[in-house]
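Okay, structure first, notes after.
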Amino acid sequence: MTVPQPVPVPHRAAPALPADTTGPGAAFHRLLFARQRRGWWTPLATGAIGVVLYLIVSTVIGFVFALTLFASDPSADVYALLDRLVTIDVTDPLGLAVILLSLAVMWPIYLLSSFLVNGRRVGFLSSVAGSLRWRWLLLCAGAAVVVYIVISALSFLLPAEEGSGGTLVPPQDNPAFVASLVIVLILVPFQATAEEYVFRGYLMQTVGRWLKHPAWSILLPVPLFVLGHVYDWAGQVSVGVFAIAAGWLTWRTGGLEAAIALHVVNNLAAFGFSVFGLSDAAATDTSVVSLVSSVVMIGAFVGVVEWLWRRGDGRRTLRITPAPEPVQAPPVYAGAYPPVYGQPPVYGQAPVYGQPPVYGQSPVYGQPPVYGQAPGYGQPPVYGQPPVYGQPPVYGQPVDPAPAPTPPAAPYDGPPLQPHQAPRWGEYAPAPDATPAPERSATADPAPSGPADSGSAGSGTDAGGSDGSPGSSSSD
Numbered sequence: 173m174t175v176p177q178p179v180p181v182p183h184r185a186a187p188a189l190p191a192d193t194t195g196p197g198a199a200f201h202r203l204l205f206a207r208q209r210r211g212w213w214t215p216l217a218t219g220a221i222g223v224v225l226y227l228i229v230s231t232v233i234g235f236v237f238a239l240t241l242f243a244s245d246p247s248a249d250v251y252a253l254l255d256r257l258v259t260i261d262v263t264d265p266l267g268l269a270v271i272l273l274s275l276a277v278m279w280p281i282y283l284l285s286s287f288l289v290n291g292r293r294v295g296f297l298s299s300v301a302g303s304l305r306w307r308w309l310l311l312c313a314g315a316a317v318v319v320y321i322v323i324s325a326l327s328f329l330l331p332a333e334e335g336s337g338g339t340l341v342p343p344q345d346n347p348a349f350v351a352s353l354v355i356v357l358i359l360v361p362f363q364a365t366a367e368e369y370v371f372r373g374y375l376m377q378t379v380g381r382w383l384k385h386p387a388w389s390i391l392l393p394v395p396l397f398v399l400g401h402v403y404d405w406a407g408q409v410s411v412g413v414f415a416i417a418a419g420w421l422t423w424r425t426g427g428l429e430a431a432i433a434l435h436v437v438n439n440l441a442a443f444g445f446s447v448f449g450l451s452d453a454a455a456t457d458t459s460v461v462s463l464v465s466s467v468v469m470i471g472a473f474v475g476v477v478e479w480l481w482r483r484g485d486g487r488r489t490l491r492i493t494p495a496p497e498p499v500q501a502p503p504v505y506a507g508a509y510p511p512v513y514g515q516p517p518v519y520g521q522a523p524v525y526g527q528p529p530v531y532g533q534s535p536v537y538g539q540p541p542v543y544g545q546a547p548g549y550g551q552p553p554v555y556g557q558p559p560v561y562g563q564p565p566v567y568g569q570p571v572d573p574a575p576a577p578t579p580p581a582a583p584y585d586g587p588p589l590q591p592h593q594a595p596r597w598g599e600y601a602p603a604p605d606a607t608p609a610p611e612r613s614a615t616a617d618p619a620p621s622g623p624a625d626s627g628s629a630g631s632g633t634d635a636g637g638s639d640g641s642p643g644s645s646s647s648d
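Quick note: the numbering used here has the sequence shown finishing at residue 648, numbered continuously throughout.
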């Protein structure tokens with residue numbers, strides 16, 4: 173019997189993976205294809221859920237802040253409350269904490285939204301390794317600290333050009349100096365990391381889900397990042413250069429670690445200098461010297477990270493293996509393949525417990541048999557059909573009477589039979605008036621006769637010779 177080969181199960185096939193994700197490997201901006209659900213609509217659903225969750229959480233944070241403020245100062249003004257929620261003031265640790273916390277919550281909200289929409293493997297939001305590479309993050313952070321110290325020291329040698337729009341508060345004039353410094357050191361890393369997960373993580377992978385070339389994923393999120401910072405033209409240029417460099421580093425290294433390190437060190441320096449009275453974090457004007465210093469520092473950091481990356485393993489892509497298409501072998505007679513639950517078994521093989529058997533074959537013990545066929549021994553029969561011998565009938569149905577005894581067969585009184593003409597089981601004895609066949613000689617061929625000879629009724633010639641060799645006797 174020829175066993176049929178397994179065939180694909182009819183189902184709604186998942187969209188095929190792009191060639192770049194299965195061949196050379198998916199870069200960071202294409203990692204959405206490595207998730208459990210990767211449809212074109214998933215970035216939009218993730219963003220919608222994230223916005224709703226962020227509005228809820230930020231409202232709760234603002235409400236708690238308002239209750240705390242009015243509890244400490246019942247005469248507080250609502251306009252003063254709103255001003256504290258949007259203005260960075262290092263002398264107001266509570267307002268500073270609310271501003272930083274309202275930005276930091278974007279990180280867990282994004283992770284939760286992506287998990288709800290895209291399913292498991294949330295680690296691919298961080299890097300191609302499936303998680304945040306902490307050793308690489310710390311190495312990039314150390315490089316950022318060294319570069320920032322060197323460039324800042326060199327910038328002090330240039331002629332100062334003060335910007336306007338900010339006020340400096342020396343530490344001795346800041347009664348909340350310690351509290352503000354602690355809040356900066358604790359919350360600024362989370363705030364900077366959250367912005368990278370949103371602008372370099374979510375936006376780059378959103379664009380990369382639809383557009384293959386990395387330039388689109390690097391450049392398209394830049395305007396949104398720039399609009400999120402209120403500066404003059406020089407400050408906006410500096411922010412734009414930062415966004416391009418962070419996007420390029422994310423694509424080049426295959427993860428957010430380098431961009432997070434640069435952002436955390438930059439923001440810690442900005443807020444730290446403001447707490448120590450060296451700068452104003454709320455200033456909106458940027459000097460040309462600060463712009464040049466920022467661009468040089470960003471370029472130097474990119475060069476150092478590139479050098480470190482080349483000295484490492486250099487892995488920045490993830491080769492995605494398509495999931496094998498599920499197959500199912502067709503059921504075959506005589507149990508070549510076991511039946512599948514929920515599908516009718518093939519006649520001749522045992523059905524699966526819990527599904528009806530095929531008519532004409534024995535049901536599985538413990539499940540009702542099919543009407544019209546004999547149930548298996550030990551299980552109740554179906555009403556209206558005769559029970560199996562040895563088990564009680566069903567109440568209310570007639571019991572078949574015992575069969576009448578069969579009269580003995582009349583003894584054979586015909587001519588004597590030759591020894592080789594003795595009837596065997598399954599053959600009819602010759603009629604009383606039949607003429608005996610002539611006796612064979614001792615030299616006759618004892619081999620079995622052909623099919624035409626073995627099919628005649630009453631013939632003494634059979635397929636099994638006198639030596640007892642196996643053969644197929646015919647039955648009429």
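Glycine included, every Cβ here is placed at the ideal spot set by N, Cα and C.
Open item on the list: Quick check: residue 362 and residue 433, are their CB atoms within less than 7 Å of each other?
Closed with: no
Open item on the list: Between which residues of its own chain and residue 397 is the CB-CB distance below 7 Å, once the five residues before and five after are set aside?
Closed with: 371, 411, 415
Task: Proximity winner among 460, 435, 210, relative to residue 292 (alpha-carbon distances) - done: 210
Task: Assigned secondary structure, residue 490 (DSSP; H/G/I helix, E/B strand, else coil) - done: strand
Task: Three-state secondary structure assigned by DSSP to residue 430 - done: helix
- [ ] Please confirm whether residue 285 and residue 218 have their CB atoms less than 7 Å apart.
- [x] yes
Task: Outcome for residue 208 when other beta-carbon atoms lying within 10 angstroms are tallied against a minimum of 16 - done: exposed
Open item on the list: What does the alpha-carbon distance come out to for the pair residue 190 and residue 252?
Closed with: 54 Å
Task: DSSP three-state assignment for residue 324, whether helix, strand or coil - done: helix
Task: Continuous alpha helix (DSSP H) stretch holding residue 650: start and end - done: Summary: the structure shown does not reach residue 650, with the chain confined to residues 173 through 648, and so no result is reported for it.
- [ ] Compare the beta carbon distance of residue 402 and residue 456 with 7 Å and say whether it is the shorter of the two.
- [x] yes
- [ ] Check the C-beta distance from residue 454 over to residue 443 and give it rounded, since I have them as a contact under 8 Å.
- [x] Going by Cβ atoms, the distance from residue 454 to residue 443 rounds to 11 Å, so no, they are not a contact pair.
- [ ] Give me the Cα-Cα distance between residue 193 and residue 492, rounded to the nearest whole angstrom.
- [x] 6 Å
- [ ] From the DSSP output, in three-state form, read off residue 301 for me.
- [x] coil
Open item on the list: Between the stretch 217-232 and the stretch 252-262, can you find at least three pairs of beta-carbon atoms closer than 8 Å?
Closed with: no
Open item on the list: Bridge partners for residue 188 per DSSP, in chain order?
Closed with: DSSP output for residue 188 lists no bridge partner at all.
Task: Cβ shell of residue 188 (< 8 Å), same chain only, five flanking positions each side left out - done: 494
Open item on the list: Checking 7 Å against the spacing of the C-beta atoms, do residue 490 and residue 289 come in under that value?
Closed with: no
TODO: Would you check if the distance between the CB atom of residue 206 and the CB atom of residue 296 is smaller than 7 Å?
DONE: yes
Task: Through-space distance from residue 346 to residue 314, alpha-carbon basis - done: 30 Å
TODO: State the start and end residues of the unbroken alpha helix (DSSP H) segment that holds residue 255.
DONE: 250-258
Open item on the list: Tell me the DSSP secondary structure of residue 198 in three-state form.
Closed with: strand
TODO: For the alpha helix (DSSP H) containing residue 477, list its first residue and its last residue.
DONE: 460-483
- [ ] Take the Cβ of residue 344 as the centre, count every other Cβ of all protein chains shown within 10 Å, and call the residue buried at 16 or more, exposed below.
- [x] exposed
Task: Buried versus exposed call for residue 484 [16 or more other C-beta atoms within 10 Å across all chains shown] - done: exposed
TODO: Could you pull out every residue in the same chain whose Cβ sits closer than 6 Å to the Cβ of residue 599, ignoring the five residues on either side in sequence?
DONE: Because residue 599 sits at a pLDDT of 47, beneath the cut-off of 50, its placement in the model cannot be relied upon, and the following sentence gives the value as read from the coordinates. The answer is none, since no qualifying residue turns up.
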